[in-house]
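K.L.:
Here it is, the structure, as structure tokens.
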DNA sequence: AATTTGACATATA
DNA sequence: CTATATGCCAAAT
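Numbering (this note's numbering), first residue to last: 730 to 838.
Next up, the structure:
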């Protein structure tokens with residue numbers, strides 16, 4: 730694994746309940762500002778193995794754009810359970826629920 | 001090894 | 001707001 734993937738996993742695991750992060754943010758913090766898609770891959774591929782809270786990862790608009798409707802529905806339900814605020818549009822309130830994370834490099838791994 | 005593929009982002013019109 | 005285009009990089013095939 731490259732550092733990016735490792736960091737991405739750590740970051741995702743560190744997202745607290747009631748908070749969400751965007752793909753772009755995770756990628757950026759993990760070291761690749763344009764690696765949003767890798768975050769997607771990491772999630773989908775590693776979620777089963779690493780027990781990642783994939784449901785706390787959404788796109789930059791706060792909208793759930795997941796291909797699987799069941800997954801999207803579950804995600805929304807879980808987020809609501811955790812206290813994430815949803816707007817009337819069905820979007821997550823990023824202003825309130827986005828988890829801004831600053832990495833100190835050595836703290837990870 | 002080479003090519004395709006993604007739970008996407010950002011820019012531009 | 002929608003639509004189209006382009007970039008991006010690791011995992012999967």
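We put the beta carbon where it would ideally sit given N, CA and C, even for glycine.
1) Hey, how far is the Cα of residue 767 from the Cα of residue 827?
2) Please determine, among 756, 773, 744 and 805, the residue with the shortest C-alpha to C-alpha distance to residue 737.
3) Please name the residue, chosen from 799, 730 and 804, that lies closest to residue 792 on a Cα-to-Cα basis.
4) To the nearest whole angstrom, what separates the beta carbons of residue 772 and residue 740, a pair I think is in contact under 8 Å?
5) Rounded to a whole number of angstroms, what is the C-alpha to C-alpha distance between residue 825 and residue 730?
P.N.:
Per the coordinate set shown:
1) Walking along the first chain from the start, residue 767 turns up at place 38. Walking along the first chain from the start, residue 827 turns up at place 98. So the alpha carbons of these two residues sit roughly 20 Å apart.
2) Translated into positions along the first chain, residue 737 becomes position 8. Residue 737 has its Cα closest to that of 756, out of 756, 773, 744 and 805.
3) Counting from 1 along the first chain, the entry for residue 792 is found at position 63. Here the closest residue by C-alpha is 804.
4) Taking the first residue of the first chain as position 1, residue 772 is located at position 43. Taking the first residue of the first chain as position 1, residue 740 is located at position 11. Not a contact, Cβ separation roughly 11 Å.
5) On the first chain, position 96 is the one that residue 825 refers to. On the first chain, position 1 is the one that residue 730 refers to. Approximately 33 Å between the Cα atoms of the pair.
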